[in-house]
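In numbering that gives the first Met the number 0, the protein residues as written are 0 to 574.
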Amino acid sequence: MSKKLTGIGASEGVAIAKAYVLNEEPIDSLINDKKISDADAEIKKVSDAMAKAKKDLESLQIIAKEKLGEEKAAVFEAHVQILEDPAMSDEWNALIRDEKTNAPAAIRTVAKKYADMFEAMDDAYFKERAADVKDVTERLIRYTLGLHVIDLATISEEVVIVADDLSPSQTAQLNKNFVKGFACDMGGRTSHAAIMARSLEIPAVLGLKEVVKNTKNDDIIALDGQTGHVEINPADKAEWEKRAENFKKEQEELKLYINKPTVTEDGFKGFVLEGNIGSPKDVDAVLENGGEAIGLFRSEFLYMDNDHFPTEEEQFTSYKAVVEKMKGKITIIRTLDIGGDKKLSYFEFPHELNPFLGYRAIRFTLDRKDIFRDQIRALLRASAFGPLGIMFPMIATIDEFKAAKDFTLECKAELEKEGVAVGKDLQIGMMVEIPAAAVNADNFAKYADFFSVGTNDLIQYSMAADRMSENVTYLYQPYNPSILRLLKSTIDGAHKHKRWAGMCGEMAGDVKAIPLLMGLGLDAFSMSATSIPRARSIMAKLTLKETQDLVAKALECDNTEEVLVLVDKLLEKTL
Ligand code: PEP
Ligand code: MG
């Protein structure tokens with residue numbers, strides 16, 4: 000039976016493939032104490048499950064070796080040994096044969112015995128083996144129960160992932176050769192899963208609310224990451240295939256803009272189109288799509304994809320790689336923006352009722368100068384290899400900005416004393432993503448070299464509407480005159496002190512926002528790499544004057560809808 004759902008188009012593109020449903024139900028409730036009659040069949044079930052588990056562990060080992068190095072990959076080798084340990088398998092086979100225990104229950108009983116035994120040991124090494132036993136046997140139990148085991152990195156057939164939500168690190172594991180798209184119940188355009196999807200160029204629809212409930216493994220899922228439409232077991236597959244074909248054609252047309260200069264219809268050349276990245280490997284996509292700079296390197300991914308706070312040296316290597324690849328074009332690197340929905344496996348943040356309004360980003364790094372120092376030193380050292388901007392996230396007060404800037408200058412003096420080179424044209428700027436900074440921008444501009452507006456957060460904090468919550472997406476209104484006024488205050492504030500104002504929130508690459516941002520005088524537009532050609536094509540088809548006239552009217556509108564009517568009318572000319 001076909002079923003249609005509509006969510007939020009989070010990463011454009013059309014995907015049609017088999018569903019891979021990520022539902023990690025806790026297995027305990029699925030294991031029962033039913034006796035079995037055919038012990039041979041049950042033991043065969045276990046040996047089939049073991050073969051699958053072994054295959055997984057071996058591929059995980061290869062992937063881990065590539066991504067994380069030999070040492071971390073060795074864990075999976077140890078897991079294979081646990082899996083093949085004859086002592087454990089003899090015991091569960093005996094339970095199956097002699098007591099007619101079903102396979103999942105037998106494995107659980109034996110696993111628990113061994114895990115408890117390790118747990119009780121004094122030696123830390125053996126204590127840790129308890130977790131390994133649980134990990135390996137849970138995989139085995141899942142297979143004997145006929146469930147999927149979730150190792151996103153090992154997916155090796157074309158699928159659309161269907162999940163409640165995907166964490167940024169899960170998203171980072173996806174291999175786009177096989178993962179054709181994903182559909183999630185939670186999230187919106189600016190959740191981090193969406194941002195990652197765009198940088199990986201995987202079509203995604205989020206905020207679907209009930210896609211997991213309605214999908215079974217191996218159903219066919221078709222999705223359109225632009226319109227937010229999803230169809231489970233599509234009634235007219237050919238229609239979807241045509242849509243995919245059209246999307247491809249449109250992409251081909253936009254390619255013509257990749258190597259053109261950024262210029263408006265009336266010849267204004269003051270806008271710069273930049274790319275957002277999460278790791279050095281994303282730079283290629285920015286350059287391939289005609290990006291003129293890196294407007295946002297979200298350095299937190301270096302921290303999240305790790306099992307320790309990255310050292311100064313590890314960070315320096317990444318930052319330098321980006322700066323060098325950009326060959327003289329500026330790279331803006333944001334300092335650690337952690338907290339909120341961005342967590343670290345190796346660091347526990349204090350529990351707070353509202354982590355999005357809590358101890359995060361600059362609030363955290365100013366408090367933990369030991370962690371901050373490593374990053375700032377790495378950034379300053381990388382600045383010797385090309386133009387670099389350091390940008391502080393979540394600045395609310397001038398004092399915070401000054402404290403972060405002073406600390407950076409102290410680190411710079413320290414490096415110079417050590418005889419370490421630091422770039423001459425380093426810029427120190429800030430994100431404007433808290434309304435307190437936006438309304439007071441002209442005062443901030445006395446101290447900051449540049450602004451970059453983080454609309455993802457600025458909108459949520461202005462409207463008091465969580466960017467992750469699908470229940471209040473109606474309040475998440477980039478084109479609301481209130482937001483436009485905050486943007487005006489920010490951009491005018493920067494210009495008053497001859498600073499430049501950029502934007503690295505998702506709004507910068509939004510087709511409907513671009514005419515408004517042009518008219519407001521935004522200098523730099525930083526977006527997902529794949530949005531750059533389209534942004535350039537829109538700019539080429541509009542005059543500066545008509546976007547300024549649009550803004551004059553939009554600022555006086557009562558609501559988003561009125562603004563959108565004006566925008567849509569102007570955009571007709573670009574079609
Ligand atoms: C923003 O808030 O707009 C932004 C770019 O930062 P992030 O999405 O990483 O919070
Ligand atoms: Mg932000």
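Idealized CB from N, CA, C, for every residue including glycine.
Just so you know, these numbers come straight off a predicted model, no measurement behind them.
Thinking C-alpha only, which one of the options is nearest residue i?
i, options, result
"serine 10", "Ala196, Glu156, Asp567 and Leu486", "Ala196"
"phenylalanine 449", "Ala464, Lys404 and Asp456", "Lys404"
"asparagine 232", "Gly418, Lys17, Phe300 and Ala104", "Lys17"
"glutamine 225", "Ala73, Ala114, Gly180 and Cys556", "Gly180"
"glutamate 323", "Ala383, Glu200 and Val510", "Ala383"
"aspartate 517", "Glu264, Val178 and Thr334", "Note on identity: in this sequence residue 517 is methionine, with aspartate being the wrong assignment. Cα-wise, what sits closest to methionine 517 is Glu264."
"threonine 143", "Asn176, Lys44, Ile61 and Gly12", "Lys44"
"alanine 539", "Phe270, Leu379 and Glu417", "Phe270"
"serine 58", "Ile149, Asn470 and Ile15", "Ile149"
"valine 419", "Met429, Phe391, Ala237 and Ala377", "Ala377"
"lysine 54", "Glu560, Gln80, Ser278 and Ala130", "Gln80"
"glutamate 560", "Asp373, Pro477, Glu69 and Ala360", "Pro477"
"leucine 563", "Leu549, Cys410 and Leu574", "Leu549"
"phenylalanine 177", "Asp163, Asp37 and Leu199", "Leu199"
"aspartate 441", "Met430, Asp491, Phe246 and Leu457", "Asp491"
"lysine 497", "Ala444, Asn213 and Asp306", "Ala444"
"histidine 147", "Glu417, Lys51, Gly357 and Ala38", "Lys51"
"asparagine 174", "Pro202, Ser298 and Phe117", "Pro202"
"alanine 40", "Ala102, His78 and Arg128", "Ala102"
What I want to know is whether the C-beta of residue i ends up closer than 8 Å to one or more non-hydrogen atoms of the ligand PEP.
i, result
"valine 285", "no"
"arginine 362", "no"
"isoleucine 194", "yes"
"proline 354", "no"
"threonine 189", "yes"
Is the closest heavy atom of the ligand MG to the C-beta of residue i under 8 Å?
i, result
"glycine 227", "no"
"asparagine 455", "yes"
"aspartate 336", "yes"
"glutamate 399", "no"
"aspartate 430", "According to the sequence displayed, residue 430 carries methionine and not aspartate. Yes, Cβ of methionine 430 sits closer than 8 Å to a heavy atom of the ligand MG."
"aspartate 392", "According to the sequence displayed, residue 392 carries proline and not aspartate. At least one heavy atom of the ligand MG is nearer than 8 Å to the Cβ of proline 392, so yes."
"glycine 294", "no"
"lysine 357", "As written in the sequence, residue 357 is glycine, which differs from the lysine given in the question. Flag unset: Cβ of glycine 357 not near the ligand MG."
"glycine 600", "In the structure as shown, the chain starts at 0 and stops at 574, and residue 600 therefore has no counterpart that could be examined."
Which of helix, strand or coil does DSSP assign to residue i?
i, result
"lysine 572", "helix"
"glutamine 576", "Here the chain has residues from 0 to 574 only, and residue 576 is not among them."
"asparagine 470", "helix"
"glycine 269", "coil"
"arginine 297", "strand"
"alanine 221", "strand"
"threonine 170", "helix"
"phenylalanine 308", "coil"
"asparagine 245", "helix"
"isoleucine 531", "helix"
"lysine 315", "The sequence as given places phenylalanine at residue 315; lysine does not occur at that position. Helix."
"valine 579", "The chain is shown only over 0 to 574; residue 579 falls outside these bounds and no answer can be derived."
"threonine 559", "helix"
"serine 10", "strand"
"glutamate 291", "coil"
Would residue i pass as a contact of residue j if the rule is Cβ separation under 9 Å?
i, j, result
"tyrosine 256", "arginine 535", "yes"
"isoleucine 140", "isoleucine 30", "yes"
"glycine 8", "valine 204", "yes"
"glutamate 432", "glycine 504", "yes"
"isoleucine 482", "serine 461", "yes"
"tyrosine 475", "arginine 484", "no"
"lysine 34", "glutamate 98", "yes"
"proline 480", "alanine 553", "yes"
"isoleucine 370", "isoleucine 389", "no"
"leucine 521", "leucine 541", "no"
"lysine 328", "proline 386", "yes"
"isoleucine 622", "glutamate 240", "Outside the shown range of the chain, which is 0 to 574, sits residue 622, and nothing can be said about it."
"serine 525", "glycine 294", "yes"
"alanine 162", "cysteine 183", "yes"
"arginine 367", "leucine 414", "no"
"aspartate 32", "threonine 100", "yes"
"isoleucine 361", "isoleucine 394", "yes"
"glutamine 314", "aspartate 373", "yes"
"alanine 105", "asparagine 92", "yes"
"threonine 529", "asparagine 288", "yes"
"phenylalanine 391", "methionine 430", "yes"
Unbroken stretches of the beta strand (DSSP E), 3 residues or longer, contained in the stretch 330-389: 330-333
For the stretch 51-129, which segments carrying the alpha helix (DSSP H) assignment without a break, of at least 4 residues, lie completely within its bounds, in sequence order? 69-82, 85-98 and 102-118
Which runs of the alpha helix (DSSP H) fall wholly inside the stretch 404-465 and span at least 4 residues, in chain order? 434-438, 440-443 and 454-462
Within the stretch 481-529, note down every full alpha helix (DSSP H) run reaching 4 residues or more, in order along the chain. 513-519
Note down, one range per segment and in chain order, each alpha helix (DSSP H) of at least 4 residues found wholly within the stretch 142-213. 167-172, 191-199 and 210-213
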